[in-house]
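Report on one structure; see the data block that follows.
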Amino acid sequence: MNNSDIISKTITFVKEQLNNAEGGHDWFHIERVYKNALLIAKEEVCNLQIVQLSALLHDIADSKFHDGDESVGPKVARTFLESQNVAGEIIDVVINIIENISFKGGNFEKKFSSIELDIVQDADRLDAIGAIGIARTFNYGGFKNRTLYDPEIAPNTNMSAKEYKRSQAPTINHFYEKLLLLKDKMNTQTGKQIAQERHRYMEGFLAQFYAEWEGEK
């Protein structure tokens, strides 16, 4: 089976698996990350098949929707790739990327590194910032019935991975606990350039949010 066939089958599989997913982690999120990854990959020397498969499968079973179990996604991805007779060494790298791509709070360190992980991680992080990042953040906050903002609850930017996963903080806090940190965590030059503008957009949004909250003109 050639690569285009594998990618086509992977797209079909992911669409089926995420048919009823939460709006910020649905097929359209995957599609945007996939497009971002292809854009970044043009400027890097990398294995394009690994980038494509990792981008498409990176959220196939997000732990947030499986009681925090981070093993589900890699298992589902491995089973699918093996069913498509993808080479074992390709599968191993894809699984490593899936296991290390997520932001897990300020103290998390990756246990695997590759240019393909750098690309897909940047692509995923770009979808977490800017206008779409803001929309996804409030969509998820609503999904979890979280408070929009509480001036009495300060953001915690030094959470462990476990604390980050269990956090029930107001949605605005998420900007300080994750979104505003991503600009300086980008890996590739293309990712850094795109992140700069999206970061500025979020800063403008927050300034407007606080002005409206305080009843200012």
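Each residue of the sequence shown is one higher than the one before, counting from 1 in the UniProt record's numbering.
Virtual Cβ for every residue (Gly too), placed ideally from N, Cα, C.
Computed from a prediction, not measured in an experiment: that's the story for all the values here.
Exercise. Can you list, in chain order, the residues of its chain whose CB lies under 8 Å from that of residue 127, leaving out five sequence neighbours each side?
Worked result: 29, 32, 33, 36, 133 and 136
For this session: Reducing DSSP to helix, strand and coil, say where residue 149 ends up.
Result: coil
For this session: Using a threshold of 8 Å, state whether the C-beta atoms of residue 218 and residue 146 are closer than that.
Result: The structure shown does not extend to residue 218, since the chain is modelled only from 1 to 217, so the question has no answer here.
Problem set entry | Buried/exposed call for residue 190, threshold 16 Cβ in 10 Å | buried
Exercise. Assuming residue 44 and residue 101 make a contact with CB atoms under 8 Å, what is their CB distance in whole Å?
Worked result: Residue 44 to residue 101, Cβ: 16 Å. No contact.
Exercise. Would residue 107 be called buried (16 or more neighbouring beta carbons within 10 Å of its own) or exposed?
Worked result: Its pLDDT being 45, under 50, residue 107 is placed unreliably by the model, and nothing is read from it.
Exercise. Among 5, 49, 59 and 12, which has the Cα closest to the Cα of residue 23?
Worked result: 59
Exercise. With respect to 7 Å, is the separation between the Cβ of residue 183 and the closest non-hydrogen atom of the ligand PLP below this value?
Worked result: Of the ligands one can find in the structure shown there are none, so the ligand PLP has no counterpart to examine.
Problem set entry | Runs of alpha helix (DSSP H) lying entirely within the region 150-182, each at least 4 residues, in chain order | 161-166 and 171-177
Problem set entry | Selection from 143, 46, 111 and 53 that minimises the alpha carbon distance to residue 12 | 53
Exercise. Would you call the CB atoms of residue 130 and residue 202 closer than 8 Å?
Worked result: yes
Exercise. How should residue 73 be labelled, buried or exposed, when 16 other C-beta atoms within 10 angstroms of its C-beta is the threshold for buried?
Worked result: buried
Exercise. What's the call for residue 66, buried or exposed, on a 16-neighbour Cβ count within 10 Å?
Worked result: Below a pLDDT of 50, predicted positions are generally treated as unreliable, and residue 66, at 46, falls in that range; no measurement from the model is reported.
Exercise. Could you give the residue range of the alpha helix (DSSP H) that holds residue 202?
Worked result: 189-213
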